[in-house]
Structure formats: C-alpha cells, structure tokens
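Trainee: Just passing along the structure, written as structure tokens.
Numbering (the numbering used here), first residue to last: 81 to 697.
Spelled out as structure tokens, the structure:
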C-alpha cells in the first residue's frame, strides 16, 4: 500500500491509453475467438490503474482535509468571547465532517451536561426544542474520555436499543471528548439522521485533531469569561462599598451610622431579620432592628436574644449558628472592632437558604468599615456634650461673677468719692477699679461666646441711622484714641439710608475693630472709618497704620484665645476672644469680615449690614 501511495501520479496519456484499451476489448468480445490471456492482461492493467487512482484520491482527500483543518483552525483564537468561540468551533466541525448538525456540550459546576452550542449545516443556531441527540453516546464519551464512531446507530448493537436512537432513526454519529489540562469537561457530537456510513475513521481522526486544538480555545475563553465575570463582580462590589463609605462618612451620628450599616448588611444577605447594637461594659444594647418590633420600651439586650453574642464579643470574631443545618435558621454575628476593642455588634438572621461565602465576606467588610464612623460618632457626641456642658458652665460662672464685680466697682467709686484717701490709697483704688473693669470685659466676652456656641445668642434688628452708630463708636473709643496720640478719621458717604440691624451688636463689632486698631498701632498712628453704600447693604471698613499681620497670622484670626506672639501685641491688654465674637456677630448679620494686612503697614477689616427694606421702597 505504501508503494502505491508513493507511486507516480496518473498522467493524461495513461487515461487515453486506457480508453483505447477498453474500446479494443469491447470490439474483441464480438469476435468468434477471444484471446483470453490478452484479455486478462488488459484487465490487470486496468485494475492496477484503478488502485492507483484510489490511492491518489485518498492522498488528495487527506490533503484537502488537512487544508480544511488548517483553514478552520486559523479561526481559533480570534475571539475570547465564549459563545463566539463555541459557535465558531461547532461550525468548523460541521464543515470538516459534512454532518447534518452538531452539538457542543460542557459540564456545569453541578456535573450536569449543558448544550452550549447547537448548529446545523447552514450555520444556523438550533433552539431548545431541537436538542435531540443520543445522551447515551455523549455520557459514554464524557465519562470514559473515549471517542465514538458508528456508521449506523440504528443497527449498531451498542446503541440500537436506546430510545433516543430508535425514536429518531439515527444513522451516522461521531462524538469525541473535549479535554483541557488533563480533564474532560465537554464533548463534541455530530450526526446525520438519514445517511448511513457517512463518517469514516479518518473523519473521526480529523474531528479528534480539531477538537484537541479547539479545546484550548474553549478553555481560554472559559477562563477569560470567568475572569471577566469575577472582575465585573469585584468592580460591582467595590462600587457598592464606595457608596456605603460615602453614606457612612456623611454623618457624625453614631446612631445614623449603625442604621445605615444594618440596612446594607440585611440587603446584602437577603436577611429575614437583623439587629445592631452598641457594646457596653455589661450589655450589647440594640439600637436598630430590621423586621423586628420589640414589645417593650425597655432596652433590648442582644445577648438575651442570642446567647452566642457573648462568645462573639469575647473572641472578637464572627460567629455562625446553624451553618450545618440547611433546613433551619442561620444566624451570623459580626462584631465591629476598633483595634482590640469591640464597640458594636450586628446580628443577621436568614430562614431562606444559607449565607454564601461572598455574602459573609461582604457583610464582614461592611461592618469593619462601619466601626470607624460608629466610634467617631460616639466621640463626636461626647465632645459635643462636653462642649455644651462647658458653655453652660461658663454662662453660669459669667452670670454669677457679674454681681460681685459690679459691687466691687461700686464700692471703689464710693471710696474714691469720700475724698479722705491719701494719694497712694487713691492710686490703689483706681487700679482695683481698672482691674475689675478688665475682668468685667472678660466675663462679658465669655458670656457672649457661651451664648453663641450654645445657640442661645439672638439679635433684635431695628431701624438704625448710620449717624447714630458712628456717634456711639466715637463716644466709645475717642478717649483711648486721643491718649495714644492717634488721628481718628471718618470717611462717610453722604445721605446714607438707615440700616436694619441690632444697634448694640453692630456697635459692639465696630468698637471691637476700632479698639484693635488703636491698640495694635504704635502711638501717633491713624485710625480710619470708611462707610459706603454697596447695593442694598452698608459697608464698613476699619483700617489702621499699625503693626500688621502675616498671612499665617491672618489665618489664625478668630481662633479663641489666640493672640500674636510678638512683644508689642503681648504688651496690649486683651483676651483673644474679641475678634472671635466679632466674626460670629458679623456672620449672624449675613456677612463676613474681609481682612487685608501687611506687616509694618497696617490692616483693613471690611464687612457689611443690610439696609432697611423700607428705604428701598
């Protein structure tokens, strides 16, 4: 056979010669006598030619098969989309084998066989009603990892008793396993219902060869699809965690943070019931519930509802109840830890199914993220409560100090009025009075700060002429301005309308700014008050030629008890509260203080107040 396969190819001359020989033999058959030996020699020559023709046909057929195999193999790897790859492989198999239709089957995670590609000779996808094939053959191929070829399944003793074969009168069938990384994970199956003997062993070998190549492409597409799905799931998880973080970081209320946390973890777990509570020294006190209504107004202690809560707090680790009982309730207890301390704890209950690994992981991540906002919320509440207590204490102390200070000033004035004091005694009494006045100013500032911080500071706007407020400022500062040899200049736009403002609070702001101007300006400077109308507001600008401020010092302005550290500033009386109060008052008037300052040249402070609406009508 090898010699024949390697024999010279048949020439055109041999075909001509064969036709002439056939004609000669035909004519000799009509003669009375036939040369039998000659006749037999010619027939042998024809038989040899037919054998050579058959061998050449096989060679050409094999060559065509390889060319077709090469052609369809080039398609593999052109896509990583799993369904596209499966359809390409199925179409190529049908093209190579000439089958009527074919199926690709893959095993799913549960070991069941699923049809993933079903195509016919016209490269059309078959629907589910047309998924009829010999499951016996497919199961044998996948279970034993061996290919199967039958030229007439209806008469093949291996399969002719199978209902799927008899019912559809199946004839030609080929099937081969799909392997990757040493494991059979599917099967390729082709058939022809009407024609027997369609497939040969060469066809099966071609099918095995191609499926061997296609297995790698299918496996790669599966891996890519799984990776792509995992990436999509991971991105969705990260997006969900980002939304949770945003919600948790938007609040400084520990109670609200726990409510958000419980809502998310119950949603993720598809839970029937849930609780979240704070861990105290003695109990885990429930703060929020999901699908659970306590029938009491008394505190609900989670360790009484779920004794395993104590174990979760002690071990500082998640605790699962009922994970080995698919028919019962499943309870997941997750502590929220900060370093080595459990500050809160969540309990989630499911009666429909169990907690998946993904659900448990997500719930633990959410609770871990919630630990910081819950702790910060608790700390913020404590600081806020301490701040309120401080403000209340300062308010009470300031109020209680005013009465004795007023008495001290009164007695000092009476003593000075008596006239029987020596010069030294008069000096001491005046120092006492001045010291108490400074204390009175400090107490007044403390009382204002306390009322502002506690939200009990109110203004009473009235109609105030600009001239009256400027007169009040002059009366309040002129003595101190003159004692320091300063010039006080008023640059006021004429015919200004009246303002709608609290007279005493505006006077307090302007005197505070003006007093800062004359205090922090070396003797002999200039203090300027500029008043202009800007739209529907009156703008005030207090400037000086004093020591000025650096940009860093400007940023510190308004911080309670802060004063610049230079020697000149420290030599002036003050508490560091005045500007903080001034800024708060201006903000309550609907404005802000603009600061412009340059070291050695002075500062300028600008703000505005509203005009009386009736002036605009």
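No residue lacks a Cβ here, since even glycine has one placed at the ideal position from N, Cα and C. If you're wondering where the values come from, they're calculated on a predicted model, not measured in any experiment.
Any chance the stretch 442 to 450 sits against the stretch 458 to 475, with 3 or more Cβ pairs inside 8 Å?
Mentor: No, because fewer than three Cβ pairs between the stretch 442 to 450 and the stretch 458 to 475 fall closer than 8 Å, the two stretches do not touch.
Trainee: Nearest CA to the CA of residue 688: which residue from 228, 579 and 271?
Mentor: The count along the chain shown starts at 1 and reaches residue 688 at position 608. Nearest of 228, 579 and 271 to residue 688, Cα basis: 579.
Trainee: Taking only the alpha-carbon atoms, compute the straight-line gap between residue 567 and residue 333 and give it to the nearest angstrom.
Mentor: Residue mapping note: residue 567 aligns to position 487 of the chain shown, counting from 1. Residue mapping note: residue 333 aligns to position 253 of the chain shown, counting from 1. Spanning the two alpha carbons is a distance of roughly 53 Å.
Trainee: Kindly confirm or deny that the stretch 371 to 381 and the stretch 476 to 488 touch, where touching means at least three C-beta pairs closer than 8 Å.
Mentor: Judged by Cβ distances under 8 Å, the stretch 371 to 381 makes no contact with the stretch 476 to 488, as fewer than three pairs qualify.
Trainee: Kindly indicate the opening and closing residues of the beta strand (DSSP E) around residue 539.
Mentor: Translated into the one-based positions of the chain shown, residue 539 becomes position 459. Per DSSP, residue 539 belongs to no beta strand (DSSP E) and is neither H nor E.
Trainee: Can you tell me whether DSSP reads residue 282 as helix, strand or coil?
Mentor: Taking the chain shown and counting its residues from 1, one reaches residue 282 at position 202. In this structure, residue 282 counts as helix in the three-state DSSP scheme.
Trainee: Could you tell me which of 126, 177, 457 and 630 sits nearest to residue 336, measuring between CA atoms?
Mentor: Counting from one through the chain shown, the residue named residue 336 turns up at place 256. Cα-wise, what sits closest to residue 336 is 457.
Trainee: Any chance you could list the alpha helix (DSSP H) runs of at least 4 consecutive residues sitting entirely within the stretch 157 to 245, in chain order?
Mentor: The qualifying runs are 162 to 177 and 215 to 224.
Trainee: Please state whether DSSP places residue 603 in a helix, a strand or coil.
Mentor: Position 523 of the chain shown holds residue 603. Note: residue 603 maps to coil in three-state DSSP.
Trainee: I need the boundaries of the beta strand (DSSP E) containing residue 415, first residue and last residue.
Mentor: As a first step, residue 415 must be located in the chain shown, where it is residue number 335. Element bounds for residue 415: 410 to 418.
Trainee: From 180, 201 and 219, pick the residue whose C-alpha is nearest to that of residue 195; which is it?
Mentor: For this step, residue 195 is matched to residue 115 along the chain shown. Of the candidates 180, 201 and 219, the one whose C-alpha sits nearest the C-alpha of residue 195 is 219.
Trainee: If I measure Cβ to Cβ from residue 626 and keep anything under 8 Å in the same chain, skipping five residues before and after, which residues do I get?
Mentor: Residue 626 sits at position 546 when you count from the first residue of the chain shown. The answer, listed in chain order, is 597, 600, 601, 602, 605, 682 and 683.
Trainee: For a minimum of 4 consecutive residues, which ranges assigned as the alpha helix (DSSP H) are wholly contained in the stretch 617 to 641?
Mentor: Within the stretch 617 to 641, the complete alpha helix (DSSP H) runs of at least 4 residues are 631 to 636.
Trainee: Would you kindly work out how many angstroms separate the C-alpha atoms of residue 179 and residue 254, rounded to a whole number?
Mentor: As a first step, residue 179 must be located in the chain shown, where it is residue number 99. As a first step, residue 254 must be located in the chain shown, where it is residue number 174. If I take the Cα positions, the gap works out to 9 Å.
Trainee: Can you have a look at residue 226 and say buried or exposed, based on whether 16 or more other CB atoms are within 10 angstroms of its CB?
Mentor: As a position in the chain shown, residue 226 is number 146, starting the count at 1. Exposed, since its Cβ has fewer than 16 Cβ neighbours within 10 Å.
Trainee: I need the straight-line Cα distance from residue 388 to residue 399, nearest angstrom please.
Mentor: For the purposes of this step, residue 388 is identified with residue 308 of the chain shown, where counting begins at 1. For the purposes of this step, residue 399 is identified with residue 319 of the chain shown, where counting begins at 1. The straight-line gap from Cα to Cα measures roughly 8 Å.
Trainee: Look at the alpha carbon of residue 212 and the alpha carbon of residue 250, and state the distance between them as a whole number of angstroms.
Mentor: Taking the first residue of the chain shown as 1, we reach residue 212 at position 132. Taking the first residue of the chain shown as 1, we reach residue 250 at position 170. The alpha-carbon atoms of residue 212 and residue 250 are separated by roughly 10 Å.
Trainee: In chain order, what residues of the same chain have a beta carbon less than 7 Å from the beta carbon of residue 276, not counting five sequence neighbours either side?
Mentor: What you label residue 276 is simply residue 196 of the chain shown in a count that begins at 1. Around residue 276: 231, 232, 251 and 252.
Trainee: Return the residue from the list 494, 520 and 271 that minimises the CA-CA distance to residue 483.
Mentor: Taking the first residue of the chain shown as 1, we reach residue 483 at position 403. Nearest option by C-alpha distance: 520.
Trainee: Excluding the 5 residues preceding and the 5 following residue 166 in the sequence, name in chain order all residues of the same chain whose CB lies nearer than 6 Å to its CB.
Mentor: In the chain shown, counting from the first residue as 1, residue 166 sits at position 86. If we look at residue 166 and ignore the five residues flanking it on each side, its Cβ neighbours are 184, 196 and 197.
Trainee: For residue 69, tell me which candidate among 425, 432, 464 and 206 has the shortest Cα-Cα distance.
Mentor: Residue coverage of the chain in this structure runs from 81 to 697, which leaves residue 69 outside it and unanswerable.
Trainee: On the criterion of 16 or more Cβ atoms from any shown chain inside 10 Å, does residue 415 qualify as buried, or is it exposed?
Mentor: As a first step, residue 415 must be located in the chain shown, where it is residue number 335. With 16 or more Cβ atoms within 10 Å of its Cβ, residue 415 is classed as buried.
Trainee: Between which two residues does the alpha helix (DSSP H) harbouring residue 560 extend?
Mentor: As a position in the chain shown, residue 560 is number 480, starting the count at 1. Taken as a continuous stretch (DSSP letters only), the alpha helix (DSSP H) holding residue 560 covers 546 to 563.
Trainee: Is it buried or exposed, residue 120, if we count other Cβ atoms within 10 angstroms and call 16 or more buried?
Mentor: By one-based count along the chain shown, residue 120 stands at place 40. Answer is exposed; the Cβ neighbour count stays below 16.
Trainee: Looking at C-alpha atoms only, which residue of 613, 538 and 100 is the closest neighbour of residue 584?
Mentor: The residue labelled residue 584 in the question sits at position 504 within the chain shown. Ranking the options by Cα distance to residue 584, first place goes to 538.
Trainee: From residue 222 to residue 315, what does the alpha carbon distance come to, in whole angstroms?
Mentor: For this step, residue 222 is matched to residue 142 along the chain shown. For this step, residue 315 is matched to residue 235 along the chain shown. The straight-line gap from Cα to Cα measures roughly 36 Å.
Trainee: Could you tell me if residue 329 is buried or exposed, where buried requires 16 or more neighbouring beta carbons within 10 angstroms of its beta carbon?
Mentor: Here residue 329 corresponds to residue number 249 of the chain shown, with the count starting at 1. Exposed.
Trainee: Ends of the alpha helix (DSSP H) at residue 657?
Mentor: Within the chain shown, the letter at position 577 stands for residue 657. Where residue 657 is concerned, there is no enclosing alpha helix (DSSP H), given that its DSSP letter is neither H nor E.
Trainee: Am I right that residue 546 and residue 618 are in contact with their C-beta atoms under 8 Å? What's the rounded C-beta distance?
Mentor: Against the chain shown, residue 546 aligns to sequence position 466. Against the chain shown, residue 618 aligns to sequence position 538. Confirmed, about 6 Å.
Trainee: Take residue 339 and list the residues in its own chain whose beta-carbon comes closer than 6 Å to its own, dropping the five residues that flank it on each side.
Mentor: Residue mapping note: residue 339 aligns to position 259 of the chain shown, counting from 1. 368, listed in sequence order.
Trainee: Beta-carbon within less than 6 Å of residue 552's beta-carbon, same chain only, minus the 5 sequence neighbours each way: which residues are those?
Mentor: Along the chain shown, read from residue 1 onward, the residue named residue 552 stands at position 472. Closer than 6 Å at Cβ, skipping near neighbours: 587.
Trainee: Can you tell me the Cα-Cα spacing of residue 73 and residue 591, whole angstroms?
Mentor: Within the shown structure, residues of the chain are numbered from 81 to 697, placing residue 73 beyond reach of any answer.
Trainee: Across which residues does DSSP place residue 685 in a beta bridge pair?
Mentor: Taking the first residue of the chain shown as 1, we reach residue 685 at position 605. For residue 685, which the question treats as bridged, DSSP gives the partners 622 and 675.
Trainee: How many angstroms separate the CA atom of residue 692 from the CA atom of residue 540?
Mentor: In the chain shown, counting from the first residue as 1, residue 692 sits at position 612. In the chain shown, counting from the first residue as 1, residue 540 sits at position 460. Approximately 13 Å between the Cα atoms of the pair.
Trainee: Looking only at C-alpha atoms, which of 440, 436, 507 and 412 sits nearest to residue 386?
Mentor: As a working note, residue 386 is residue 306 in the chain shown. Among 440, 436, 507 and 412, the Cα nearest to that of residue 386 belongs to 412.
Trainee: With residue 174 and residue 199 assumed to form a contact (beta carbons below 8 Å), what rounded beta-carbon distance in angstroms separates them?
Mentor: On the chain shown, position 94 is the one that residue 174 refers to. On the chain shown, position 119 is the one that residue 199 refers to. Rounded, the Cβ-Cβ distance is 6 Å, consistent with contact.
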